[in-house]
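The next block holds one structure in the form of structure tokens; read it before the comments.
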Amino acid sequence: MTTNINEGDPVSAARYRAPALEKGLDILELLARQASGMSLTVMCREMGRSLGEIYRIALALEARGYIRREAESDSFALTLRLFELASEHPPMNRLLSAALPEMQRLAAEAEQSCHLAIVTGGQLLVIAQVDSPRPMHYAVRMGARFPVLETSSGAVFLAFGGQLDALEDAKRQSPDFAGDIEQRLKEIRRTGGERRQSLVVSGVINLSRPVFDHHGVVAVLTMPFLDQRGLAVGVDQAEAAIIASAQRLSAALGGRSSAPPLAKEVAA
1 MTTNINEGDP VSAARYRAPA LEKGLDILEL LARQASGMSL TVMCREMGRS LGEIYRIALA
61 LEARGYIRRE AESDSFALTL RLFELASEHP PMNRLLSAAL PEMQRLAAEA EQSCHLAIVT
121 GGQLLVIAQV DSPRPMHYAV RMGARFPVLE TSSGAVFLAF GGQLDALEDA KRQSPDFAGD
181 IEQRLKEIRR TGGERRQSLV VSGVINLSRP VFDHHGVVAV LTMPFLDQRG LAVGVDQAEA
241 AIIASAQRLS AALGGRSSAP PLAKEVAA
């Protein structure tokens with residue numbers, strides 16, 4: 001027997017509600033938007049719920065490892081459990097299985113760290129990272145989240161994603177970085193990626209290239225190039241290496257380097 005739930009029918013929607021599950025999801029979504037932990041009192045205020053409504057739900061999420069309690073502040077924060085679940089999902093698992101050997105090869109060849117990122121939940125999420133073999137290097141932590149427009153990875157993902165709503169969300173999130181974004185995306189599409197000084201770290205040049213599967217862009221491979229004494233590989237060589245790596249990874253995933261135009265470009 002199949003039960004059909006009409007999402008547009010408020011009576012049907014109310015009949016199949018799961019209040020405890022909804023509260024748990026509300027907690028996870030709220031904590032996912034925070035840079036640091038949040039106390040139960042603040043969570044109650046933000047969610048518009050009483051302590052009695054979410055206390056046991058928070059404890060259950062903690063017991064299952066989805067959130068953790070910080071001893072010093074008694075606040076709650078997300079763990080990487082959701083990220084681990086996503087990594088076990090076949091498409092993500094396939095992407096990481098193909099990407100990690102290629103990233104290790106790239107880091108060794110260019111003598112630089114590199115990372116792989118996607119855009120999800122309105123933010124950039126780093127899903128894999130490989131360190132440079134050099135004793136001193138710059139690297140981005142796996143699992144780190146950033147506003148999309150404040151990163152080269154995010155801009156490249158938007159440029160090749162072709163989703164106008166995602167672009168508008170990113171502009172609202174980071175208005176200070178939205179002034180020249182349309183021109184920036186056009187340039188990224190013209191050159192196939194981005195090479196520019198980091199917007200947040202002085203002395204670092206971001207080298208970013210999209211990775212495609214047969215559906216379109218799935219991730220962005222980025223190398224935060226840090227010049228230093230004794231480095232045998234220059235930025236031009238490093239850029240050539242990351243271009244080749246992104247192409248090999250795309251080929252392994254069955255991708256083609258094609259990008260749909262943004263709605264604004266179609267209208268123009």
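According to the numbering used here, the sequence shown is numbered sequentially starting from 1.
For glycine and all other residues, C-beta sits at the position ideal for the given N, C-alpha and C.
Every value quoted in this text rests on a predicted model; they were computed, and no experiment measured them.
Under the three-pair Cβ rule at 8 Å, the segment 15-30 counts as touching the segment 48-65.
Between GLY154 and LEU199, the C-beta gap is not smaller than 8 Å, which leaves the two residues out of contact. Beyond the five residues adjoining it in sequence on each side, PRO133 comes within less than 8 Å, by CB distance, of ALA107, ALA108, GLU111 in the same chain, given in chain order. Residue range 123-130 is occupied by the beta strand (DSSP E) that includes GLN129. Under the 10 Å beta carbon count, HIS215 is surrounded by fewer than 16 other beta carbons and is classified as exposed.
Per DSSP, the beta-bridge partners of GLY254 are ASP213.
Excluding the 5 residues flanking it on each side, ARG81 has same chain C-beta neighbours closer than 6 Å at GLY65, TYR66, in chain order.
Cβ-Cβ separation between ARG190 and ASN206: approximately 17 Å, too far for a contact (criterion under 8 Å). Around the beta carbon of LEU85, a 10 Å sphere encloses fewer than 16 other beta carbons of the protein chains shown; the residue is thus reported as exposed.
Residue environment for GLU72: exposed (fewer than 16 other C-beta atoms within 10 angstroms of its C-beta). Contact between the segment 170-186 and the segment 231-248 is absent: fewer than three C-beta pairs spanning the two stretches fall below 8 Å. Under DSSP, no beta-bridge partner is assigned to HIS137. Distance from the Cα of PHE83 is smallest, within the candidate group GLY121, ALA18, ARG56, for GLY121. In this structure, PHE160 sits away from VAL119, with a CB-CB distance that is not shorter than 8 Å.
Residue range 164-173 is occupied by the alpha helix (DSSP H) that includes GLU168.
Exposed is the label assigned to SER50, since fewer than 16 other Cβ atoms lie within 10 Å of its Cβ. Secondary structure of VAL233 (DSSP, three-state): coil.
GLY52 is positioned such that its CB atom lies no closer than 8 Å to that of ALA77. Listed in chain order, the beta strand (DSSP E) elements of length 3 or more contained wholly in the segment 176-228 are 194-197, 204-212, 217-226. Taking a contact as a CB-CB distance under 8 Å, the pair LEU249 and GLU150 does not count as one, their CB atoms being some 24 Å apart. About 6 Å separates the Cβ atoms of CYS44 and ILE54, confirming a contact at the 8 Å cut-off.
Annotation for VAL156: the continuous alpha helix (DSSP H) segment containing it runs 152-161. A distance below 6 Å between beta-carbons, with the five flanking residues on each side excluded, links PRO210 to the following residues of its chain, in chain order: VAL156, PHE160, VAL217, VAL220.
Per DSSP, reduced to three states, the secondary structure at ALA117 is strand.
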